[in-house]
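J.: There's a structure below that I have some questions on.
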Amino acid sequence: MLITKNKIIEDYKEKFLELHGKELVDGNNLQKYETLGELVKKYSAKDWASTNKEYSKLKNKQVYYLSMEFLLGRLLDNSLLNLGIRETCEEALKELNIDLHELEDMEQDQGLGNGGLGRLAACFLDSMASTNIAGHGFGIRYKYGFFEQQIIDGKQVEVADTWLKSRNVWEIKKTDKSEIVKFYGKVEMEVKKGKVKFVHKDYEAVLAVPYDTPIIGYKNNLVNTLRLWSVETICKEFDFSAFARGEFIKSQEYKNSVEAISLVLYPEDSFYEGKLLRLKQEYLLVSAGIQNIVNEYKSNGGNISLFNESVAIHINDTHPTLAIPELMRILIDEEGLEWEEAWEITQSSVSYTNHTILAEALEKWEVDMFKNLLPRVYMIIEEINQRYCKELWSIYPGEWDKISRMSIIGDGYIRMASLDIVGSHSVNGVAKLHTEILKNQEMSEFYSLYPSKFNNKTNGITHRRWLIKCNPELTELLKSTIGEGFMKKPTDLKMFQEHLKDSSVKLALANIKLENKKRLSKEIYNTKGIMVNPNSIFDVQVKRIHAYKRQTLNCLRIMDLYNRIIDNPNLDIVPRTFIFAGKAAPGYYLAKNTIELINSISNKINNDYRVGDKIKVVMMDNYRVSLAEKIVPAADLSEQISTTTKEASGTSNMKFMMNGAITMATLDGANIEIKDAVGPENIIVFGLNAKEVFNYYKNGGYNAWDIYNKDSRVKRVMNNLIDGTYSADKERFKPIYESLLNYNDEFFALRDFNDYIDAQDKVDKLYRDLDKWQEMCGVNIAKSGIFSSDRTINEYATGIWGANTIYRNL
Ligand code: 26W
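Reminder that position 433 of the sequence shown reads as 433 in the UniProt record's numbering, one-by-one numbering, no gaps.
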C-alpha cells in the first residue's frame with residue numbers, strides 16, 4: 001500500500017473524528033497520540049492478516065518465544081520506522097500543526113519486564129519480524145508492569161505502574177482464542193478401551209484471554225504477533241447465585257483471587273522466591289500457550305506426530321520450563337500418544353536459554369506446594385525424572401552422589417534448570433564466557449552427559465531502536481558516509497571505519513555527541529534541577545542496582561576523586577558528569593541503600609563550591625526503555641564493571657558501543673567479545689579475570705580488611721561511608737560498609753578499586769586528545785554490527801530452531 005502524505009492527513013482526520021467524536025482542533029495530545037496509534041495499526045492490519053494466513057499454511061516453522069517478560073518500551077516511533085512512513089508521517093502531522101515528537105511522549109512505556117532478559121525478548125521480536133522469521137512472542141499481560149520508581153529524600157519509593165489506565169492502542173483482545181487453565185484438584189486413573197488414562201478432576205479452572213500486539217517487520221510487509229495472556233473467571237463476571245444470596249463480597253473475592261494471577265510483574269531480576277502466585281503465573285503462561293500452539297497447529301491441519309517439524313518452542317530462562325511437562329500432558333492425555341513418542345516430540349521442539357549463573361536466581365519449586373497446585377503436571381515430571389535417573393544409573397552405575405546431584409527432583413524440590421536440560425534439545429548461554437562457565441562449571445556434569453545440547457548464542461540488540469530510532473543524527477551521518485545498506489544489514493557499519501581517516505567525519509561525530517549531550521543535559525535539568533556541563537565527559541552506569549554490578553565500586557571511586565579535589569583544588573582533570581539510573585528490587589535492602597548512597601554523593605558533591613564545575617553526580621529517576629533511549633546516545637563512557645563471571649552478557653554495553661561510547665570494562669560477559677571486535681586499543685579494561693575470580697571462590701584468599709589496612713585511599717573512602725561525610729546519620733551507609741568489609745564482599749569491589757582508578761585516569765588522558773577519542777568512538781560504531789540482534793536471531797534460527805526465512809509474494 002502506498003501511503004502518501006495526503007493520505008495520512010485525510011486518514012488521520014477521519015480516524016480522530018471516529019475515535020473521539022469531535023474535531024481535531026478540539027483534541028488533546030493524548031487523543032492525538034491514540035489516533036496515530038490506531039492509524040498505524042490500521043496500516044499494518046492487511047499485512048498482519050496476510051502474514052497469519054501465510055503461517056497457517058504450515059510451510060514455515062513457527063517459532064514460539066515463551067517469556068515471562070517483554071520489555072517493549074514505546075511502540076509508536078518504531079512502528080512508523082518499520083512501516084517506512086516515519087518521515088512522511090512527520091510531515092503530514094506538521095501540516096496539521098501537530099508535532100510527532102510530542103505525541104510520542106504521550107505513550108506510556110510498556111514495561112512488562114525487569115531488565116536485560118525482558119529487553120532481549122523485545123529486541124528478538126523486532127529482529128524476528130524484520131528478518132522474516134515466523135516468530136510469535138507469548139507472555140503475560142500484567143495489569144501493573146514494573147513499578148515506577150520515585151526518588152524521595154534520596155530513597156527509592158515504588159509506585160504502581162498503571163500503564164493500562166489510558167487505553168492501550170496496540171492490543172486487540174482475542175476472546176475466541178481463550179484457553180482454560182486448570183489448577184489444584186486430583187488425578188484419577190481410568191481404564192478406557194484397555195488403555196490407562198489419567199483424568200484431572202475437581203480442579204479450579206480459570207480463563208486465559210489473549211491480547212495480541214502487532215510486531216511490524218522493517219519494511220518487509222511482515223507483521224508478527226506478541227500474544228499476552230490475561231486471566232478472567234470462567235463464564236461469569238461474578239457468581240450470580242452468590243450475589244442473589246447476598247454474598248456479593250464473597251463472589252467478588254473469588255473474582256479478585258483469579259484475576260490476581262495476571263495482576264503484577266514480580267520485580268525481581270536475580271532472586272528466586274518460591275511464591276505460589278509466581279508458580280501460578282508461570283503455569284498460566286505455559287498452559288495457555290502450549291494449548292494454543294497445539295490447537296492452532298491442529299486447526300491448520302497439522303499431524304500431531306509431525307508437530308516438531310513445524311513448531312519450535314523456546315523458553316526464556318527457566319521461568320517457562322513447565323512447557324515441557326505441559327506439552328507431554330497434552331500429547332499423552334489429550335492426543336493419546338505413547339510416552340516415548342510424546343517425549344521425542346517434546347525434546348525436539350523445546351529449547352532453553354540460560355541467563356544467569358547466580359545461585360540465588362535458580363528456580364526450584366517445593367514439591368509439596370507444586371504437587372498440590374499442579375497434580376497432573378507433577379506426575380509427569382516424576383515420570384520424566386524416573387526414566388532419566390534410570391538412564392543415569394546405567395551410565396554412572398553406583399554413583400549415587402552424582403545421580404542425586406543431577407536428578408530433577410531432589411531435597412524436596414523440583415530443579416527447573418535440570419528439567420530444561422533433560423527435556424530440551426538445546427541449552428544455550430548468552431555470551432562466549434557465560435557458555436563456557438555453564439559447560440565447565442555450573443552445568444559441567446550435564447555437559448558431559450549431553451555435550452551436543454550445549455551451545456552459545458551471544459546476545460544482541462536491535463539497531464533499529466538502539467541506533468536508527470534513538471540517534472537520528474548519527475544515523476544521518478552514517479547514511480551520508482556509507483549509504484543506507486547498514487539499515488538492513490548492520491554489519492555494513494564496518495565500512496564506517498574507512499571514513500574515520502577524514503577529520504571532518506570525526507568532527508561531525510563529536511558534534512553529534514555534543515548535541516545529544518545537550519539534549520540530555522536539558523532533561524537532567526528539567527527532571528532533577530541539576531545543571532551539568534555538556535562539555536564534560538558523560539560517564540554512565542545505567543542498569544538494575546545489584547551488588548554484582550558494582551554500582552558501589554563506581555561510588556567509591558567518585559568519592560576518591562572528590563577527596564583528591566578537596567585535597568588539591570587545582571587538580572587538573574577533564575570535567576566529568578557521572579550519570580546513574582536503575583531500580584532496586586523492593587526487598588533488596590543493600591541495593592536500596594546503594595541508591596541512597598548515590599543520591600547522598602550527588603547532594604554533597606554538587607553543592608560543594610570547592611568542586612565547582614569539575615564533577616557532577618546525577619541519579620535519574622525511573623530508569624526505563626524510553627529513558628535509556630535518551631541516555632545511550634549521549635554517553636561518552638559506558639560503565640560495565642560487574643565482577644567478572646557474574647554478568648552473563650550485558651546488553652546495554654552493546655547499545656552504548658553502537659552509539660560511539662567507549663566501554664570501561666571488566667572482562668565479563670559480552671565485554672570480552674566487544675574487546676575482540678574493537679581491539680584492545682579501543683576499550684578500557686581493568687580488574688580481576690575469570691580465572692582469578694574462580695580461584696578466590698575455590699581457594700579463598702580474598703581479605704577485604706587487608707586491602708583496607710594496606711591501601712590508604714581505600715581506607716579513606718571506606719571511612720567516609722561512616723564518618724558523617726555523606727550523611728549526618730553515621731549509621732546510614734553501614735550496610736554497604738559492612739558488606740564490603742565485615743562480610744568480605746563476594747564481589748571483590750575493593751580488590752578492583754585501584755585498577756579501576758588507574759583505568760579512569762587513563763580515560764582522562766585519552767579524552768584530552770579529542771581526535772584520538774573520536775577515532776576510538778568511530779571504531780566502536782563501525783564494529784558494532786555483529787551485536788545487532790538480527791545476527792543473534794539468525795544464529796538461533798539456523799542453529800537451534802531450524803527455522804527458515806519466509807519469502808512471500810506481496
Ligand atoms: C526468578 C526471578 C528471576 C527473574 C529474572 C531471576 C532471574 C531473572 C533474569 C535471568 C535476570 C536477567 O535479566 N538476566 C540478564 O539477562 C540478560 C539477557 O541475556 C543478560 O544480558 C544479563 O547479563 C543478565 O543479567
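For glycine and all other residues, C-beta sits at the position ideal for the given N, C-alpha and C.
Using 8 Å as the Cβ pair cut-off and three pairs as the minimum, do the stretch 740-752 and the stretch 765-784 touch?
T.: no
J.: The ligand 26W and S418: does the residue's C-beta get closer than 8 Å to at least one heavy atom of that ligand?
T.: Every heavy atom of the ligand 26W is 8 Å or more from the Cβ of S418, so no.
J.: So, using beta-carbon positions, are P375 and K186 closer together than 9 Å?
T.: yes
J.: Among residues of its own chain, excluding the 5 on either side of I3, which ones have a beta-carbon nearer than 7 Å to its beta-carbon?
T.: Y43, I85, T88
J.: Can you pull the DSSP bridge partners for S480?
T.: None; S480 has no bridge partner.
J.: Counting along the chain, where does the alpha helix (DSSP H) carrying F370 start and finish?
T.: 367-373
J.: Around the C-beta of N168, are 16 or more other C-beta atoms found within 10 angstroms, so that it is buried, or is it exposed?
T.: buried
J.: Given 8 Å as the limit, tell me if S649 has its C-beta closer than that to any heavy atom belonging to the ligand 26W.
T.: yes
J.: Please report the distance separating the alpha-carbon of Y254 from that of A260.
T.: 10 Å
J.: Give every residue of the same chain whose Cβ lies closer than 7 Å to the Cβ of R329, excluding the five residues on either side of it in the sequence, and list them in chain order.
T.: R376, V377, I380
J.: Please list, in chain order, all residues of the same chain as T645 whose beta carbon is under 8 Å from its beta carbon, the five residues on each side excluded.
T.: Excluding residues within five positions, the ones whose Cβ falls inside 8 Å are I357, L433, I437, D668, A690, V693, F694.
J.: What are the residues that DSSP puts in a beta bridge with E148?
T.: V159
J.: To the nearest angstrom, how far is the alpha carbon of E335 from that of S287?
T.: 15 Å
J.: Answer yes or no: the CB of L117 versus the heavy atoms of the ligand 26W, is any distance below 8 Å?
T.: Because some heavy atom of the ligand 26W lies under 8 Å away, the Cβ of L117 counts as near it: yes.
J.: Give a yes or no on whether the C-beta atoms belonging to L265 and F146 are separated by under 9 Å.
T.: yes
J.: From the DSSP output, which residues share a beta bridge with H136?
T.: Y64, T225
J.: Assign residue 816 to one of three DSSP states: helix, strand, or coil.
T.: Nothing about residue 816 can be read from this structure; the chain reaches only from 1 to 810.
J.: On a Cα-Cα basis, can you pick out the residue from L120, K143, G113 that is closest to E232?
T.: K143
J.: Can you grab the Cα-Cα spacing for the pair Q774 / N459, in whole Å?
T.: 26 Å
J.: Leaving out the 5 sequence neighbours to the left and right, which residues in its chain are closer than 7 Å to V196 when beta-carbon positions are compared?
T.: Within the same chain, V196 has close Cβ partners M189.
J.: Give me the Cα-Cα distance between L766 and K772, rounded to the nearest whole angstrom.
T.: 7 Å
J.: Could you check whether the Cβ of E442 sits closer than 8 Å to any heavy atom belonging to the ligand 26W?
T.: no
J.: Do A670 and G687 have their C-beta atoms within less than 9 Å of each other?
T.: no
J.: One question on the structure: do I641 and T666 come within less than 9 Å of each other, judged by their Cβ atoms?
T.: yes
J.: Let's see if you can read the secondary structure: which residues bound the beta strand (DSSP E) around I216?
T.: 204-216
J.: According to DSSP, simplified to helix, strand and coil, what is F271?
T.: DSSP places F271 in the coil class of the three-state scheme, outside both helix and strand.
J.: If you pair each beta-carbon of the stretch 445-452 with each one of the stretch 472-483, do three or more pairs fall below 8 Å?
T.: no
J.: Just reading off the beta strand (DSSP E) that V678 is part of, what are its end residues?
T.: Per DSSP, V678 belongs to no beta strand (DSSP E); it is in the alpha helix (DSSP H), 671-678.
J.: Which first and last residues belong to the alpha helix (DSSP H) in which T51 is found?
T.: 29-56
J.: Go ahead and pull the three-state DSSP assignment for G185.
T.: coil
J.: Excluding sequence positions up to five away, which residues of its chain have a Cβ less than 7 Å from the Cβ of I757?
T.: R557, D560
J.: Taking the beta carbon of A759 as the centre, do at least 16 other beta carbons fall within 10 Å, making it buried, or is it exposed?
T.: Burial check for A759: the Cβ neighbour count within 10 Å reaches 16 or more, so the residue is buried.
J.: How far does the beta strand (DSSP E) with L112 in it reach, from first residue to last?
T.: 110-112
J.: Confirm, please, whether the CB-CB distance from I140 to S262 is below 9 Å.
T.: yes
J.: Could you tell me whether any non-hydrogen atom of the ligand FAD is closer than 8 Å to the CB of F271?
T.: Here the bound small molecules are the ligand 26W; the ligand FAD is not part of this structure.
J.: Give me the Cα-Cα distance between T798 and E10, rounded to the nearest whole angstrom.
T.: 44 Å
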